[in-house]
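> Sending over a structure as structure tokens; questions will come in a sec.
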Amino acid sequence: MKLIEFFGPSNSGKTVAITKMAEMLKKHGYSVATVKSTPHSLDYESDSKDSMKYLEAGSNLSVAIGKNGTIFHLSKSVKLFEILEHINYDFVLVEGETGFPMPKILFLKEKEGIERIDDLTIAVVGNIEDENKNLQEIKPGDYETLYNIILAQAMPPLPGDDCGHCGSDCTTMMIGIIKGEKTYKNCVKLSKKSVNVEFDGKNVPILPFISSIISDVNAGILKNLKGMKREGRVKIEFDLRD
Ligand code: SF4
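Counting along the sequence shown from 1, when you hit position 134 you're at 133 in numbering that gives the first Met the number 0, and nothing is skipped either side.
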């Protein structure tokens with residue numbers, strides 16, 4: 000990865016030049032990221048427009064950094080589990096259907112949407128007509144109840160990549176966890192000896208017994224290192240290039 004900075008007063012042609020360079024680099028087969036750094040607060044509308052301009056020119060990632068925040072724009076749609084690998088917050092509130100296995104709360108518009116109840120749905124905001132659904136009903140605007148449901152029933156994520164090592168998929172596992180029939184220990188990937196192998200950013204499928212061998216061998220070597228604790232997740236990265 001190589002970096003270069005374009006700097007100078009406002010309206011001196013930096014944005015146009017970067018747009019042009021992104022276009023030319025892309026044309027020659029390079030992947031490009033653009034970063035705009037300002038000592039001022041970001042204006043989300045205009046700074047987002049600049050970011051979009053860079054993406055349209057061929058930039059794969061466009062970042063704007065200001066005093067009040069940072070905007071990331073990617074030129075591709077990413078799966079939720081890829082995002083979760085890079086963030087760590089107490090709660091993640093997701094709007095819209097992602098297909099990622101997690102407890103869901105359905106918001107009805109009058110009666111519209113009731114057919115969207117599925118096995119991951121734990122509560123409905125609005126009136127449920129079919130009482131056999133065994134779902135918690137929340138009155139629109141009752142944020143206290145909604146808040147308490149979130150505190151009690153939001154769940155940590157499963158890996159979400161449907162590796163199949165548990166004999167099923169992540170959605171089935173999450174449904175089992177919500178119903179109290181399964182626990183996170185049933186997810187082989189989250190188990191103590193699970194190993195995640197990525198090559199050039201792509202996940203490599205790995206059988207549980209191989210996972211166990213890699214885990215045991217590395218644990219044996221690493222436990223003697225200064226700074227290692229007896230328990231915890233370990234991340235090792237290395238380069239296979241000559
Ligand atoms: S083992 Fe875990 S990650 Fe793999 S399919 Fe089952 S629940 Fe999903």
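Every residue gets a Cβ at the ideal spot worked out from N, C-alpha and C, and that includes glycine.
1) Which whole-angstrom value is the C-beta distance of Thr69 and Val62, which I expect to be below 8 Å?
2) By the DSSP assignment, the beta strand (DSSP E) with Phe71 in it spans what residues?
3) Can you tell me whether Ile188 sits near the ligand SF4, meaning its C-beta is under 8 Å from at least one heavy atom of the ligand?
4) Any chance the stretch 102-121 sits against the stretch 174-192, with 3 or more Cβ pairs inside 8 Å?
5) Is the beta carbon of Pro158 within less than 8 Å of some heavy atom of the ligand SF4?
6) Tell me the rounded alpha-carbon separation between Ala16 and Gly226.
7) How do the stretch 167-175 and the stretch 121-128 stand: do at least 3 beta-carbon pairs fall below 8 Å, yes or no?
8) Just to confirm my understanding: we take Leu54, look at its own chain, exclude 5 residues before and 5 after, and list those with CB closer than 7 Å. What are they?
9) Looking at the structure shown, is Thr170 part of a helix, part of a strand, or coil, going by DSSP?
Result, derived from the coordinates:
1) By one-based count along the sequence shown, residue 69 stands at place 70. By one-based count along the sequence shown, residue 62 stands at place 63. Confirmed, Cβ separation roughly 7 Å.
2) As a first step, residue 71 is located in the sequence shown; it is residue number 72 there, counting from the start. Its beta strand (DSSP E) spans residues 68-73.
3) The sequence position of residue 188 within the sequence shown is 189, counting from 1. In the sequence as presented, Ile is not what sits at residue 188; that position holds Lys. Within the cutoff, so yes.
4) yes
5) Position 159 of the sequence shown, counted from the first residue, corresponds to residue 158. Correct: Pro158 has its Cβ closer than 8 Å to the ligand SF4.
6) Position 17 of the sequence shown, counting from 1, holds the residue named residue 16. Position 227 of the sequence shown, counting from 1, holds the residue named residue 226. Rounded to the nearest angstrom, the two C-alpha atoms are 47 Å apart.
7) no
8) Position 55 of the sequence shown, counted from the start, is the residue given in the question as residue 54. Excluding residues within five positions, the ones whose Cβ falls inside 7 Å are Ser61, His72, Ser74.
9) On the sequence shown, residue 170 is found 171 positions in, with the first residue counted as 1. Note: Thr170 maps to helix in three-state DSSP.
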